[in-house]
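Protein chains: 2
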Amino acid sequence: MRGNCLIVQSGGPTAVINNSVVGIIDEILSTSFTGEILGAAGGIHGLLYETFHKLTDITAQERYRLRWTPGAALGTWRHKLSSDDFKSIIEVLRKNDVRYIFYIGGNGSMSVAKAIDEYARVVGYELIVIGIPKSIDNDLLGTDHSPGYGSAAKFLATSVLDMKMDMASYTKNSRVSIIETMGRHTGWLAGACSLAEGQTDDDSQLLIYIPEVPFDLQDCLSKIVKANHEKRNTVLVVSEGIRKLNGHLVCEEDLEYDVLGRAKLGGVAAHLKDIVEEQTGISTRSIDSSIWQRSSIVLASKTDINEAYKIGRVAWQYAMDGYTGVMISMKRDVSIKNYHITYETIPLKEMAGKERYVPQEWYDAHQNTMTNEFKEYVRPIIQGEILIPMENGLPMYKVVY
Amino acid sequence: MRGNCLIVQSGGPTAVINNSVVGIIDEILSTSFTGEILGAAGGIHGLLYETFHKLTDITAQERYRLRWTPGAALGTWRHKLSSDDFKSIIEVLRKNDVRYIFYIGGNGSMSVAKAIDEYARVVGYELIVIGIPKSIDNDLLGTDHSPGYGSAAKFLATSVLDMKMDMASYTKNSRVSIIETMGRHTGWLAGACSLAEGQTDDDSQLLIYIPEVPFDLQDCLSKIVKANHEKRNTVLVVSEGIRKLNGHLVCEEDLEYDVLGRAKLGGVAAHLKDIVEEQTGISTRSIDSSIWQRSSIVLASKTDINEAYKIGRVAWQYAMDGYTGVMISMKRDVSIKNYHITYETIPLKEMAGKERYVPQEWYDAHQNTMTNEFKEYVRPIIQGEILIPMENGLPMYKVVY
Chain A
1 MRGNCLIVQS GGPTAVINNS VVGIIDEILS TSFTGEILGA AGGIHGLLYE
51 TFHKLTDITA QERYRLRWTP GAALGTWRHK LSSDDFKSII EVLRKNDVRY
101 IFYIGGNGSM SVAKAIDEYA RVVGYELIVI GIPKSIDNDL LGTDHSPGYG
151 SAAKFLATSV LDMKMDMASY TKNSRVSIIE TMGRHTGWLA GACSLAEGQT
201 DDDSQLLIYI PEVPFDLQDC LSKIVKANHE KRNTVLVVSE GIRKLNGHLV
251 CEEDLEYDVL GRAKLGGVAA HLKDIVEEQT GISTRSIDSS IWQRSSIVLA
301 SKTDINEAYK IGRVAWQYAM DGYTGVMISM KRDVSIKNYH ITYETIPLKE
351 MAGKERYVPQ EWYDAHQNTM TNEFKEYVRP IIQGEILIPM ENGLPMYKVV
401 Y
Chain B
1 MRGNCLIVQS GGPTAVINNS VVGIIDEILS TSFTGEILGA AGGIHGLLYE
51 TFHKLTDITA QERYRLRWTP GAALGTWRHK LSSDDFKSII EVLRKNDVRY
101 IFYIGGNGSM SVAKAIDEYA RVVGYELIVI GIPKSIDNDL LGTDHSPGYG
151 SAAKFLATSV LDMKMDMASY TKNSRVSIIE TMGRHTGWLA GACSLAEGQT
201 DDDSQLLIYI PEVPFDLQDC LSKIVKANHE KRNTVLVVSE GIRKLNGHLV
251 CEEDLEYDVL GRAKLGGVAA HLKDIVEEQT GISTRSIDSS IWQRSSIVLA
301 SKTDINEAYK IGRVAWQYAM DGYTGVMISM KRDVSIKNYH ITYETIPLKE
351 MAGKERYVPQ EWYDAHQNTM TNEFKEYVRP IIQGEILIPM ENGLPMYKVV
401 Y
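Protein chains in written order, with UniProt numbering: chain A, 1 to 401; chain B, 1 to 401.
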């Protein structure tokens, strides 16, 4: 047990990602570890350009405020790595005597963590690399779910309820609201909106569309028109990655690409709004859940926050046990009735860079909603509310950098 | 003290409008009033077509759930009234022996309340009409502020903070986020976002644009470019009703009109996003605060909720004292340091149909933000948080209709 420890936040921000950072630090501070605790400034940028935050002396008050701050406080960055980059990274680690890396991120980030781990072994640099899952999209393989998902799911399901109440206010008109969720090529986030079903006594129709199942526009329009005849509102939840019957993205023609060469999704709700209004004449509103779904800590799930924190603590324990090249994995004990998670490990090479999709049998393609099995999977993850520290009537967020 | 009582919700929904309904009912139930308590189904529609909810026997549990439900539970509707309509309304009231009307709404609604009050007097129908202010826009004259505003203001200022944290995550890029607020032709809502200044330790630039002051695009672009050179992010808050230096709405060319003949505002952020990206090349995101700003009760201000409820109770007391043709008015006692509101009355004819603007001297046109005087006005109204009743991890909203 020698050298220093480096924490990296990678990929998109979530409401709870800073909890994993604080979890690691809190666990380290409870041990006799004498190295420095560093944070990569700007994710992979910190590794490439040797820019670190020194976190060893971060105060208890700062750690507390960080737990209740959304976004990646150490900073994150999108960058496509070359093999030269990996060489530089090992040099930077060697120079700073970093022997433990905690890589908090999603699919792409786990591929980077895996590559660093492998490269270190090739060049004979003693290093422990632990991946920590983080994804509002919940698309990581090898874990029951990913920290960040529960809070985004709770935000989105609540948004559907807020939307239903807003629409129900206009009792003499029936209308359509289209809510767009993130999720890339998976429907975990859009699917979570099914939890809004049966939660209120309004009679609106809720239709959910996920990327795993082709989007049938004509069937959707018929259902909207039918509800309208019955003077009922329709809430349409669409995942940003939904595809037409021919397999093309619904917004195929408007695609842009990010620095990693991945299609920038989004704009589906606005696109469908025009089609619905044009083809049915029914007043329609489109709503982009935008940054709220990943940044609204006020509506975060207590379960999610606790798990994001716990997974950080556990990560250090596995590192101390000598594990490397693994991601911490959440396993749900399905043999008992109550929700219970154990924290295990999965080799990065078994899951990195892959995507986990919603099982088709968890989607009811006839009613366009999720099955009870899906709901039972998500429900425990959104449980519990928090009251975040407030000052002057507003959240008191903390940025480290 | 005879006859029945009718409660009308009118205009757009807010997060707290149902609190005023419950306030009236709770106050009535604490007295010896023996008439029925009715709710107009769908606002003015209920009055025109004699469709009422019977609220006399509403249970304590239902009233409790209503307090924590956003949206107009009795229903609301937009409709332009003719003089024949007023005749029908009095007939409906007479037939149902309605002697007390509580009209909860904004500017347009107060004009309707005033007209009903005057028409009743002309035809010799004994009637008491009390207006209760409701507006997230805060544009009603004759009251320190309007219930609904504080919660929307708190939501928007928090959104700016969430946005700042999201942007701060990407430490290596500086970018622009444009948040659009409602507010029609007034800047009370956009201005409230100034409360986010100084609340966090990030270094982004916050620029606020309100309709009362011409929007100088070139100056705005220069400020964005300057911040970008300094590697700082910019958060741009734009009110939906901002106007160019030539007096035209920024989105003039895309205007649609509602049934009341009023221009439908909105789309300014998306419009400006394209301009900013085109003219500066800086990555820009536009965010429409959409229904959240008026429907997110999870982020409601406790002060606002309590005031919306209290104003309902007070309204009944003034009705019992024989007041009619008045709106309940909130007066702030500025002679003491602490925030204190008294509930008085103002004749509807003095304020109905008029708009209250942000005083120009409360805007800092050089820095594009609000002055301390404005902030001191808004800050007390956003104070206090609530924990709304939850079930299965989600709000348990109640619809009456």
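For each residue, glycine too, the CB sits at the ideal point set by N, CA and C.
**Report entry** B/A157 vs B/A196 beta-carbon contact at 8 Å
**Finding:** Mapped onto the second sequence, residue 157 of chain B falls at position 157. Mapped onto the second sequence, residue 196 of chain B falls at position 196. Yes. Within cutoff.
Query raised in the report: So what's A/A120 in DSSP terms, helix, strand or just coil?
Result: Along the first sequence, read from residue 1 onward, the residue named residue 120 of chain A stands at position 120. It is helical.
Query - First and last residue of the uninterrupted alpha helix (DSSP H) at B/N372 - result: Position 372 of the second sequence holds residue 372 of chain B. N372 to V378 is the span of the alpha helix (DSSP H), which, as asked, contains B/N372.
Query raised in the report: Roughly how many whole angstroms lie between the Cα atoms of A/G312 and A/A115?
Result: Mapped onto the first sequence, residue 312 of chain A falls at position 312. Mapped onto the first sequence, residue 115 of chain A falls at position 115. For A/G312 and A/A115, the distance between alpha carbons rounds to 21 Å.
Requested in this report: Count the other CB atoms, across all protein chains shown, that sit within 10 Å of the CB of A/N228; report buried if there are 16 or more and exposed otherwise.
Outcome: Along the first sequence, one-based indexing puts residue 228 of chain A at 228. A/N228 is buried by the Cβ-count criterion.
Query raised in the report: Do A/L217 and A/V235 have their CB atoms nearer than 8 Å?
Result: Position 217 of the first sequence, counted from the start, is the residue given in the question as residue 217 of chain A. Position 235 of the first sequence, counted from the start, is the residue given in the question as residue 235 of chain A. Taking 8 Å as the Cβ cut-off, A/L217 and A/V235 do not qualify as a contacting pair.
Query raised in the report: Which partner residues does B/P347 have in the DSSP bridge list?
Result: Locating residue 347 of chain B in the second sequence gives position 347, counting from the first residue. Bridge partners of B/P347: B/V326.
Query - DSSP beta-bridge partners of B/T51 - result: Counted from its first residue, the second sequence places residue 51 of chain B at position 51. Answer is none; B/T51 lacks a bridge partner.
Query raised in the report: What's the call for A/V129, buried or exposed, on a 16-neighbour Cβ count within 10 Å?
Result: Against the first sequence, residue 129 of chain A aligns to sequence position 129. Buried, since its Cβ has 16 or more Cβ neighbours within 10 Å.
Requested in this report: Report yes if the CB atom of residue 476 of chain B is closer than 8 Å to the CB atom of B/W68, and no otherwise.
Outcome: Residue 476 of chain B falls outside the range modelled here, since chain B spans only 1 to 401, and no answer is possible.
Query raised in the report: What do you reckon, are the CB atoms on A/A153 and A/I381 nearer than 8 Å?
Result: For the purposes of this step, residue 153 of chain A is taken as the residue at position 153 of the first sequence. For the purposes of this step, residue 381 of chain A is taken as the residue at position 381 of the first sequence. In contact: A/A153 and A/I381 (Cβ atoms closer than 8 Å).
Query raised in the report: From B/M320, B/R63, B/R294 and B/G325, pick the residue whose C-alpha is nearest to that of B/T181; which is it?
Result: Taking the second sequence and counting its residues from 1, one reaches residue 181 of chain B at position 181. Out of B/M320, B/R63, B/R294 and B/G325, B/R294 has the C-alpha closest to the C-alpha of B/T181.
Query raised in the report: For B/S204, which option in B/G183, B/I178, B/S20 and B/T51 has the closest C-alpha, if you only look at C-alpha atoms?
Result: Working through the second sequence from its first residue, we reach residue 204 of chain B at position 204. When each option's Cα is compared against that of B/S204, the closest is B/I178.
Report task. Taking B/E385 as the query, report the chain A residues whose CB atoms sit under 7 Å from its CB, ordered along the chain. Result -> One-based indexing of the second sequence puts residue 385 of chain B at position 385. Per Cβ cutoff of 7 Å: L387 and M390.
Query raised in the report: What do you reckon, are the CB atoms on A/Y397 and B/T200 nearer than 8 Å?
Result: Your numbering for residue 397 of chain A matches position 397 in the first sequence. Your numbering for residue 200 of chain B matches position 200 in the second sequence. Contact flag set, yes.
Query raised in the report: Which of the three DSSP states, helix, strand or coil, is assigned to B/Q383?
Result: In the second sequence, the residue the question calls residue 383 of chain B occupies position 383. B/Q383: coil per DSSP, three-state reduction.
Report task. Would you list, in chain order, the members of the stretch 155-166 of chain B that have their beta-carbon closer than 8 Å to a beta-carbon of chain A? Result -> A157, T158, S159, L161, D162, M163, K164, M165 and D166
**Report entry** Whole-angstrom distance between A/H366 and A/C220, CA atom to CA atom
**Finding:** As a position in the first sequence, residue 220 of chain A is number 220, starting the count at 1. As a position in the first sequence, residue 366 of chain A is number 366, starting the count at 1. If I take the Cα positions, the gap works out to 11 Å.
Query raised in the report: Whose Cβ in chain B lies nearer than 8 Å to the Cβ of A/A152?
Result: Translated into the one-based positions of the first sequence, residue 152 of chain A becomes position 152. Ordered by position in chain B, no residue passes the 8 Å Cβ test against A/A152, which lies about 13 Å from the chain.
Query raised in the report: Distance, Cα to Cα, residue 405 of chain A vs A/E344?
Result: Chain A is shown from 1 up to 401; residue 405 of chain A falls before or after that span and cannot be answered.
Requested in this report: Using a Cβ-Cβ cut-off of 8 Å, state whether A/V298 counts as contacting chain B.
Outcome: The residue labelled residue 298 of chain A in the question sits at position 298 within the first sequence. With 8 Å as the cut-off, A/V298 counts as an interface residue toward chain B.
Query raised in the report: Whose C-alpha, out of A/S82, A/A308 and A/S83, is nearest the C-alpha of A/G23?
Result: As a position in the first sequence, residue 23 of chain A is number 23, starting the count at 1. Cα-wise, what sits closest to A/G23 is A/A308.
Report task. Mark B/A60 as exposed unless 16 or more other C-beta atoms lie within 10 angstroms of its C-beta, in which case mark it buried. Result -> In the second sequence, residue 60 of chain B corresponds to position 60, counting from 1. Its Cβ having fewer than 16 others within 10 Å, B/A60 is exposed.
Query raised in the report: Alpha carbon to alpha carbon, what distance is there between A/L140 and A/I28?
Result: The residue you call residue 28 of chain A lines up with position 28 of the first sequence. The residue you call residue 140 of chain A lines up with position 140 of the first sequence. Going by the C-alpha atoms only, they are around 26 Å apart.
Query - Residue burial classification, residue 402 of chain B (beta-carbon count within 10 angstroms, cutoff 16) - result: What is shown of chain B runs 1 to 401, which leaves residue 402 of chain B out entirely.
Requested in this report: Out of A/R2, A/D137, A/G384 and A/Y363, point me to the one whose CA is closest to A/R356's CA.
Outcome: Reading the first sequence from its first residue, position 356 is the one you call residue 356 of chain A. Here the closest residue by C-alpha is A/D137.
Query raised in the report: the stretch 190-204 of chain A: which residues have C-beta closer than 8 Å to a C-beta of chain B, in chain order?
Result: L195, A196, Q199, T200, D201 and D202
**Report entry** DSSP beta-bridge partners of B/D203
**Finding:** Stepping through the second sequence from its first residue, residue 203 of chain B is reached at position 203. Bridge partners of B/D203: none, in fact.
Query raised in the report: Cβ of A/E350 within 8 Å of Cβ of A/G142?
Result: Here the question's residue 350 of chain A lines up with position 350 in the first sequence. Here the question's residue 142 of chain A lines up with position 142 in the first sequence. Yes; because the gap between Cβ atoms is below 8 Å, this pair is in contact.
Query raised in the report: Any idea which residues DSSP pairs A/R332 with across the strands?
Result: Taking the first residue of the first sequence as position 1, residue 332 of chain A is located at position 332. Answer is A/I341.
Query - B/L38 - partner residues in DSSP beta bridges - result: For the purposes of this step, residue 38 of chain B is taken as residue 38 along the second sequence, with counting starting at 1. Per DSSP, B/L6 and B/K54.
Query raised in the report: For the putative contact between B/I7 and B/A72, defined by C-beta atoms under 8 Å, what is the C-beta separation to the nearest angstrom?
Result: The count along the second sequence starts at 1 and reaches residue 7 of chain B at position 7. The count along the second sequence starts at 1 and reaches residue 72 of chain B at position 72. That belief does not hold up - the Cβ atoms of B/I7 and B/A72 are roughly 11 Å apart, past 8 Å.
Query - When A/M165, A/D144 and A/R65 are compared against A/V334, the one with the closest alpha-carbon - result: Numbered from 1 along the first sequence, position 334 holds the residue referred to as residue 334 of chain A. The candidate whose alpha carbon is nearest that of A/V334 is A/D144.
Requested in this report: Quick one: measure Cβ to Cβ for A/V326 and A/A192, integer angstroms, because I've assumed they're closer than 8 Å.
Outcome: As a working mapping, residue 326 of chain A is identified with position 326 in the first sequence. As a working mapping, residue 192 of chain A is identified with position 192 in the first sequence. About 28 Å; that fails the 8 Å criterion.
Query raised in the report: So, helix, strand or coil for B/D139, using DSSP?
Result: Along the second sequence, read from residue 1 onward, the residue named residue 139 of chain B stands at position 139. It is coil, neither helix nor strand.
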